[in-house]
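K.L.:
So the protein lines, in turn, are chains A, B, C, D and E. Quick note on my numbering: the first sequence kicks off at 3 and runs consecutively. Quick note on my numbering: the second sequence kicks off at 3 and runs consecutively. Quick note on my numbering: the third sequence kicks off at 6 and runs consecutively. Quick note on my numbering: the fourth sequence kicks off at 640 and runs consecutively. Quick note on my numbering: the fifth sequence kicks off at 640 and runs consecutively.
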Amino acid sequence: MKYLSIFMYATVSFLLVISAWQLVIFFGDYPEALLPSPFMVFQGIISLIQDGTLFEHVRVSLFRFFVGYLSAVVVAIALGLILGRTTRVWKVIDPIVQVLRPVAPVAWAPFIVLWFGIGNMPAIVIIFIAAFFPVLLSTVSAVKKIDKTYLKLAQNLEIGKSSLLLKIIFPAAFPYIANGLHIAVGTAWIFLVAGEMIGAQSGLGYLIVDSRNALDLDLVLAGIFFIGILGLLLDKSIGLFEKWVGKQWGVQGS
Amino acid sequence: MKYLSIFMYATVSFLLVISAWQLVIFFGDYPEALLPSPFMVFQGIISLIQDGTLFEHVRVSLFRFFVGYLSAVVVAIALGLILGRTTRVWKVIDPIVQVLRPVAPVAWAPFIVLWFGIGNMPAIVIIFIAAFFPVLLSTVSAVKKIDKTYLKLAQNLEIGKSSLLLKIIFPAAFPYIANGLHIAVGTAWIFLVAGEMIGAQSGLGYLIVDSRNALDLDLVLAGIFFIGILGLLLDKSIGLFEKWVGKQWGVQGS
Amino acid sequence: GRPTPGENDVIRIGHLPITHAAPLYFTKEYEEELLNGAEIELVRFSSWIELMDALNAGRIDGASVLFELAMKAKERGIGISAVALGHREGNAIVASHDVDEVADLKGETVAIPHTLSAHNLLLDEMLQREGMAYEDVNVVEMPPPEMPAALSEGRISSYIVAEPFGALGVTLEAGHVLYQSNEFCPDSCLCCALVLRDDFMEEAPELADQFVEAYLEAGVRADQQTEESLAAHSNYLNVTDEALELSLGWITYEDLSIGEEEYEHLRQRLIEMQLSDQPPTYEEFIDQSYFEEER
Amino acid sequence: MGSISEQKILVELRNVDKEFMKQGLPEKVLSGINFDVKEGEFVSILGKSGCGKSTLLNLIGGFDQPTRGELHFDGMPVTKPTRRAIMLFQFYALLPWRSVLKNVEIALEPEGLSKEESRERAMKYIKLVGLEDSLHQFPSQLSGGMQQRVAIARALSIQPELILMDEPFAALDTFTRYYLQDELLRIKEQEGTNIILVTHDIDEAVYLSDRVFIMDANPGTIRKRIPIQLPKPRDRSHSDFQYYRKWILDEFNFGQKLDGLEFNI
Amino acid sequence: MGSISEQKILVELRNVDKEFMKQGLPEKVLSGINFDVKEGEFVSILGKSGCGKSTLLNLIGGFDQPTRGELHFDGMPVTKPTRRAIMLFQFYALLPWRSVLKNVEIALEPEGLSKEESRERAMKYIKLVGLEDSLHQFPSQLSGGMQQRVAIARALSIQPELILMDEPFAALDTFTRYYLQDELLRIKEQEGTNIILVTHDIDEAVYLSDRVFIMDANPGTIRKRIPIQLPKPRDRSHSDFQYYRKWILDEFNFGQKLDGLEFNI
Ligand SMILES: Nc1ncnc2c1ncn2[C@@H]1O[C@H](COP(=O)(O)OP(=O)(O)OP(=O)(O)O)[C@@H](O)[C@H]1O
Ligand SMILES: Nc1ncnc2c1ncn2[C@@H]1O[C@H](COP(=O)(O)OP(=O)(O)OP(=O)(O)O)[C@@H](O)[C@H]1O
Ligand SMILES: [Mg+2]
Ligand SMILES: [Mg+2]
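Written as structure tokens, this is what we have:
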């Protein structure tokens with residue numbers, strides 16, 4: 003029932019977009035090379051699927067994404083848990099993070115090539131950078147925001163340092179960290195296109211850039227379509243993951 | 003006292019970065035053109051300040067940023083307040099938003115150029131897109147999350163529709179909307195570089211891209227430095243703005 | 006698309022900051038002298054993609070662009086014509102110090118800026134000469150500014166790209182010149198072209214005439230290796246004098262006319278390499294009327 | 640008692656049932672509720688947590704509809720909330736972004752008064768609850784007790800016929816609670832508003848009400864109606880007071896033994 | 640009383656002051672607090688909201704240090720929290736991501752018991768509070784009363800000499816509160832733990848304690864120590880009970896008139 007209704011609404015919005023698009027083409031009178039029609043894009047999608055390249059691009063992109071994202075998450079959470087508890091060290095690190103964070107990962111491209119070369123690495127590094135800061139900042143602030151009662155309790159029970167970090171601080175901070183993970187999935191995925199512009203020879207970002215190079219705007223739109231759909235799926239999966247952890251930890255609904 | 007200590011910590015972190023950087027250069031033995039030294043970057047910054055171009059780049063970038071960001075905020079909040087209250091319409095719009103959101107604004111470049119030309123507009127449009135989705139989504143979810151008691155109260159008092167929206171729903175949702183505004187400042191600013199790659203002839207993003215094309219990596223780093231500092235200032239200002247609104251509305255601390 | 010021709014007499018021409026666009030710089034530098042009253046606005050882009058977007062959408066009146074890329078746009082139905090070359094020669098194959106001959110590149114990575122470029126064709130030509138296949142090397146597309154760094158760090162073994170990046174690689178001692186383009190295809194390695202939008206030429210034919218004439222004259226001036234000309238170059242290209250001089254030594258701007266034969270060669274190469282199905286013919290795409298008037 | 644029974648009936652519930660869907664199945668939360676509240680009466684509904692007190696109050700206020708049965712307010716079926724019956728919420732439902740004065744004034748907006756009239760009316764009721772010195776303070780700057788007094792002023796300013804109170808003093812400390820209970824009685828005397836109060840505090844019910852309805856849970860029913868025949872003001876430590884207190888306590892202890900309270904807490 | 644005064648002194652406060660910085664200036668929250676708690680005694684500290692009750696309890700527990708004065712626990716100065724004196728928090732401080740059993744087991748971790756011993760000890764105290772059927776449930780699946788019972792089991796499992804309780808039943812409804820108060824007395828009898836309880840509920844203080852300390856605010860001082868000389872179990876509606884109740888009520892009403900309660904709420 004619930005899925006059926008979601009599906010119905012999605013269909014309505016899909017039809018809405020297609021008609022709006024067709025109307026723009028109809029009234030705007032653009033050359034096809036500059037604004038492909040829905041049908042052309044559909045054909046493009048089909049051809050990508052048929053010759054198997056789509057599958058390959060998706061596979062490569064997801065691989066890069068997961069390597070970059072997961073390593074960023076692990077490093078950022080570990081660092082964040084420690085930095086959140088060591089106020090003075092964080093005060094020194096904080097200005098650095100604050101200045102680095104607003105810089106687009108793309109701006110680092112020359113240095114990324116210098117240190118990490120070309121191919122998979124630049125995309126992975128850019129996704130790493132894009133995911134790292136949101137997760138780090140949300141972990142640090144999650145640790146700082148922990149209900150003081152938990153800390154008092156731990157003091158009172160004379161719980162050891164490592165137990166405190168793993169069994170109390172981490173789970174207590176988790177809901178807020180999860181929020182950071184959620185935001186980071188979005189931002190990191192957005193930077194996939196940028197990351198795959200630096201010397202990559204495959205992946206959805208490359209597909210878009212390469213099709214743009216070849217003036218195949220229908221394939222650009224097909225690429226955009228798949229990036230959007232996969233981004234949506236990634237977002238939903240991390241939502242499910244959050245729920246699953248929540249269930250393990252007895253948080254209901256929230 | 004408080005500002006003094008912030009300043010001291012910032013100085014320590016600054017020195018830390020500079021020394022780490024110098025060490026990398028020392029041990030890595032990279033050609034200067036590929037990894038400029040702190041001193042070269044400092045010289046670059048000075049020369050940018052002296053010939054006045056820096057000021058111009060900053061002015062243009064901030065102008066584009068504010069036009070894009072503020073218009074996105076106004077449109078997204080207005081739409082969000084309405085969509086948050088009309089569940090069925092939102093169910094149709096939601097899938098569209100969810101699929102569009104993970105697509106990098108850069109991927110739209112061919113269409114942005116087609117409709118908006120080159121110069122200021124692509125940067126403004128890209129910043130608009132980057133800011134629009136976080137604000138819209140946070141507004142909609144803020145409206146949906148409003149404490150039901152406020153709505154019951156409004157029903158009970160028989161308060162009119164427009165009063166309800168402006169005097170109850172908007173202020174009640176504001177803290178959460180403000181959170182969206184905060185996130186959006188960061189994301190939007192990150193996309194400045196991308197936006198100023200499309201035919202712009204000035205701005206900090208242009209400075210970075212153009213210096214990169216000229217292999218003037220010292221100026222690239224100078225540009226990164228200013229993007230970082232300005233991003234930090236923007237972030238702090240929106241923080242102050244939030245606090246100011248909070249004060250007007252009697253929210254203390256939080 | 007609807008063109009937005011520059012207000013009044015402003016001609017908007019797109020380019021990338023490379024030595025290959027020098028005639029444009031000189032047109033701008035001597036604008037008052039050459040254009041009597043008209044104005045040219047040089048719009049600098051950071052990559053070919055963005056430049057093509059603007060050209061296709063009619064946001065600029067013309068551009069100095071990779072010939073092959075312009076042909077692709079024409080094939081796609083964009084109303085543009087090539088009126089002159091950007092330059093001749095000036096495409097060096099730069100290789101790392103441990104590559105002494107082409108055979109050393111087997112299995113190595115070679116960078117080019119774009120598949121639709123003279124550099125790609127050049128690579129293929131070079132490999133063919135040495136009896137190697139295109140597939141013997143690992144070709145990657147990457148932004149030109151990243152190439153010297155990638156070469157220096159051993160991420161790639163060679164790159165072929167527009168100037169001044171070749172010269173920059175050499176002056177940074179990241180690599181050495183393996184070959185110059187003229188060693189493979191003398192006079193027929195068409196690289197960059199000046200293309201104008203047809204609607205611009207139709208709406209302001211006199212302005213277009215004036216501009217192309219100025220452009221050709223500017224080419225002659227750009228070719229002179231005088232102090233003055235060097236100074237003009239460095240007004241537009243922010244590179245060391247050393248790299249600039251090296252780079253200019255490899256290029257000529259004197260004869261910018263597009264010969265039918267050399268164009269046909271390029272067409273065939275594109276088809277051979279399966280980069281294009283039906284590239285436009287000489288008649289469709291090349292407008293040499295300016296040269297005819299002159300002669 | 641005599642005089643009240645002759646007065647007109649303000650609220651009337653006839654066989655009211657309320658079901659909520661729980662995991663797809665309907666669950667009966669209220670079952671066969673029958674009672675009248677007469678004009679001038681102060682009625683308390685007393686019951687354990689989760690027995691359906693808030694649900695019942697929501698029905699009376701028109702915030703929700705009964706699954707079965709009839710519900711009348713002043714002779715008319717209740718279909719939606721109106722300004723004639725104002726709910727006072729447990730956590731006050733003040734708008735934290737508006738000052739005390741503006742919190743009261745927003746309630747007067749739908750009456751279309753002039754600015755001066757509206758200000759005057761608001762001031763009158765703010766004075767009534769003794770908050771004229773905190774006019775321009777925000778709710779967060781007030782103690783819990785003061786916040787609830789603002790909510791009372793807001794409710795009164797509308798001059799409703801009925802005020803519905805959902806555990807209004809539960810979040811306050813004992814001393815503040817005692818004080819506000821006295822205030823409430825004084826104001827009710829002065830304004831003559833009818834009040835239905837929901838609470839789980841036996842003392843509060845006995846101290847304030849003319850009648851106490853005792854509720855049972857699973858499903859919520861009215862087990863007993865106890866008229867409190869004590870003169871007001873009442874003395875909390877007087878033996879008559881203790882008599883009612885003990886009576887009600889025993890009622891619950893009796894229930895406790897039957898249901899096995901241990902498993903309900 | 641006789642037997643208690645001969646017993647050893649467990650907690651001893653001598654001229655304890657506590658100041659907090661408020662907008663850069665020190666504000667005295669507690670002033671000249673002096674009292675002893677003897678072994679076996681159940682002491683309640685009764686006071687209005689904000690009078691410094693929690694601050695006082697934090698000092699005794701070692702969570703904070705007095706600005707002036709001395710504080711001894713079992714003859715030793717208190718410098719930091721220890722497992723010998725366990726605090727029971729108002730909102731239970733259960734770890735919501737751990738089941739009932741694991742919430743108790745984590746408290747036993749520092750004792751270095753084997754897995755079986757630890758499980759056995761946890762089970763013993765979970766049974767004591769009657770929650771053996773909810774072993775694997777999460778706190779969010781329990782009612783407030785059950786949650787507080789888990790917290791009590793956790794505190795007891797450590798077998799501390801002293802339990803400090805900060806308004807432990809304030810968030811529960813009256814009936815649950817009554818029930819848990821009885822439970823608490825039963826458990827205290829069985830385990831022999833000393834308890835210091837902070838509350839603003841007069842009935843609770845009278846019902847549970849051997850002695851009630853009444854606090855004044857601004858700055859917090861102990862105004863009165865009232866020994867409750869009633870046999871346990873006590874009857875809430877007995878006249879002796881009411882006698883103490885009225886006495887304490889009058890104490891506060893007396894204070895009220897002096898301070899002008901209206902401006903303190
Ligand atoms: N909207 C709803 N949907 C489903 N079940 C509900 C809803 N509202 C209340 N219930 C259920 O109805 C029962 C009674 O709830 P209600 O809030 O009326 O109790 P209460 O007596 O006010 O309790 P408390 O003293 O804790 O406020 C509870 O079991 C609750 O879970
Ligand atoms: N960490 C702190 N910093 C500054 N002031 C504090 C701090 N803790 C408490 N106070 C102040 O000390 C006073 C007493 O607070 P405390 O929490 O001890 O009161 P309480 O009697 O427990 O009140 P309640 O019944 O509301 O819990 C209050 O005025 C409070 O604002
Ligand atoms: Mg309720
Ligand atoms: Mg307290």
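Beta carbons: idealized from backbone N, C-alpha and C, even for Gly. What you are looking at is a predicted structure, and each value in this text was computed from that prediction instead of being measured.
Could you name the residues of chain E that Thr151 (chain A) contacts, counting a contact when the two beta carbons are closer than 8 Å?
P.N.:
Phe728, Phe730, Ala732
K.L.:
How many angstroms separate the CA atom of Phe839 (chain D) from the CA atom of Tyr764 (chain E)?
P.N.:
The identity of residue 839 (chain D) in the sequence shown is His, whereas the question assumes Phe. Spanning the two alpha carbons is a distance of roughly 30 Å.
K.L.:
For Pro807 (chain E), which three-state DSSP category applies?
P.N.:
Under the three-state reduction of DSSP, Pro807 (chain E) is assigned to coil, being neither helix nor strand.
K.L.:
Do Leu695 (chain D) and Ile853 (chain D) have their beta-carbon atoms positioned less than 8 Å apart in this structure?
P.N.:
no
K.L.:
Excluding sequence positions up to five away, which residues of its chain have a Cβ less than 8 Å from the Cβ of Val743 (chain D)?
P.N.:
Ala761, Tyr764, Ile765, Val789, Ala792, Arg793, Ser796
K.L.:
Taking C-beta to C-beta, are Val115 (chain C) and Leu183 (chain C) nearer than 8 Å?
P.N.:
no
K.L.:
So for Ala196 (chain B), helix, strand or coil by DSSP?
P.N.:
helix
K.L.:
Residues around ligand 2, please: the condition is that the C-beta lies closer than 5 Å to some non-hydrogen atom of it.
P.N.:
E:Phe659, E:Val668, E:Ser688, E:Gly689, E:Cys690, E:Gly691, E:Lys692, E:Ser693, E:Thr694
K.L.:
Please list, in chain order, the chain C residues whose beta carbon lies closer than 9 Å to that of Gly201 (chain B).
P.N.:
Gly19, Val48, Arg49, Phe50, Ser51, Glu55, Leu56, Asp58, Ala59, Arg64, Ile65
K.L.:
Three-state secondary structure (DSSP) at Pro65 (chain B)?
P.N.:
Rather than Pro, the amino acid found at residue 65 (chain B) in this sequence is Phe. In this structure, Phe65 (chain B) counts as helix in the three-state DSSP scheme.
K.L.:
With respect to the beta strand (DSSP E) encompassing Gln185 (chain C), which residues constitute its N-terminal and C-terminal limits?
P.N.:
Secondary structure note for Gln185 (chain C): its beta strand (DSSP E) is the uninterrupted segment 181-185.
K.L.:
May I have the straight-line CA-CA distance separating Gln52 (chain A) from Leu217 (chain A), to the nearest angstrom?
P.N.:
21 Å
K.L.:
Within 8 Å (strictly less), CB to CB, does Thr189 (chain B) reach chain A?
P.N.:
yes
K.L.:
Measure from the C-beta of Ile887 (chain D) to each C-beta in chain E and report whether the shortest distance is under 8 Å.
P.N.:
Not an interface residue.
K.L.:
Under 8 Å between the Cβ atoms of Arg66 (chain A) and Ile129 (chain A)?
P.N.:
yes
K.L.:
Less than 8 Å between C-beta atoms, sequence neighbours within five positions excluded: which residues of the same chain meet that for Met42 (chain A)?
P.N.:
Glu34, Asp220
K.L.:
Going by other Cβ atoms of all chains shown within 10 Å of its Cβ, with 16 needed for buried, is Ser258 (chain B) buried or exposed?
P.N.:
Not covered by the structure: residue 258 (chain B). The range shown for chain B is 3 to 256.
K.L.:
Helix, strand or coil for Asp214 (chain C)? Go by DSSP, reduced to three states.
P.N.:
In the three-state scheme derived from DSSP, where H, G and I count as helix and E and B as strand, Asp214 (chain C) is classed as helix.
K.L.:
How many Å lie between Lys33 (chain C) and Ala209 (chain C) at the Cα?
P.N.:
19 Å
K.L.:
Anyone know if the C-beta pair for Val195 (chain A) and Ala109 (chain B) falls short of 8 Å?
P.N.:
yes
K.L.:
Looking at chain B, which residues of the stretch 216-249 of chain C have a Cβ within less than 8 Å of any of its Cβ atoms?
P.N.:
Leu242, Asn243, Val244
K.L.:
For Gly233 (chain B), decide whether its Cβ has a neighbour in chain A, counting only Cβ atoms nearer than 8 Å.
P.N.:
yes
K.L.:
Using the rule of at least 16 other Cβ atoms within 10 Å of the residue's Cβ for burial, across every protein chain shown, is Phe29 (chain B) buried or exposed?
P.N.:
exposed
K.L.:
Taking 8 Å as the CB-CB cut-off, is Leu275 (chain C) touching chain A?
P.N.:
Nearest CB-CB separation between Leu275 (chain C) and chain A: not below the 8 Å threshold.
K.L.:
Grouping DSSP H, G and I as helix and E and B as strand, with all else coil, what is Leu649 (chain E)?
P.N.:
Reduced to three states, the DSSP call for Leu649 (chain E) is strand.
K.L.:
Would you list, in chain order, the members of the stretch 683-695 of chain E that have their beta-carbon closer than 7 Å to a beta-carbon of chain D?
P.N.:
Lys687, Ser688
K.L.:
Give me the residue from D:Arg864, D:Gly769, D:Leu781 with the minimum Cα distance to Leu823 (chain D).
P.N.:
D:Gly769
K.L.:
Say the cut is 7 Å; is the CB of Glu843 (chain E) nearer than that to a heavy atom of ligand 4?
P.N.:
Relative to ligand 4, the beta carbon of Glu843 (chain E) is positioned no closer than 7 Å to any heavy atom.
K.L.:
Below 8 Å on the Cβ atoms is my contact criterion, and I expect Tyr220 (chain C) with Leu199 (chain C) to pass it. Report the Cβ-Cβ distance as a whole number of Å.
P.N.:
6 Å
K.L.:
Bridge partners of Cys197 (chain C), per DSSP?
P.N.:
C:Leu71
K.L.:
DSSP three-state label for Arg723 (chain D), please.
P.N.:
coil
K.L.:
Can you tell me whether Asp805 (chain E) sits near ligand 6, meaning its C-beta is under 7 Å from at least one heavy atom of the ligand?
P.N.:
As far as ligands go, the structure on display features ligand 1, ligand 2, ligand 3 and ligand 4 and does not contain ligand 6.
K.L.:
Mapping DSSP to helix, strand and coil, what is Arg300 (chain C)?
P.N.:
Confidence in Arg300 (chain C) is poor, its pLDDT being 42 and thus under 50, which makes the residue's placement too unreliable to answer from.
K.L.:
Does the distance from the CB of Glu38 (chain C) to the CB of Ile16 (chain C) come in under 8 Å?
P.N.:
Contact: no.
K.L.:
Do we get a CB-CB distance below 8 Å when we pair Thr860 (chain E) with the residues of chain D?
P.N.:
With 8 Å as the cut-off, Thr860 (chain E) does not count as an interface residue toward chain D.
K.L.:
Given the structure, does Gly784 (chain E) come close to ligand 1, in the sense that its CB is under 7 Å from one of the ligand's heavy atoms?
P.N.:
The answer is no for Gly784 (chain E).
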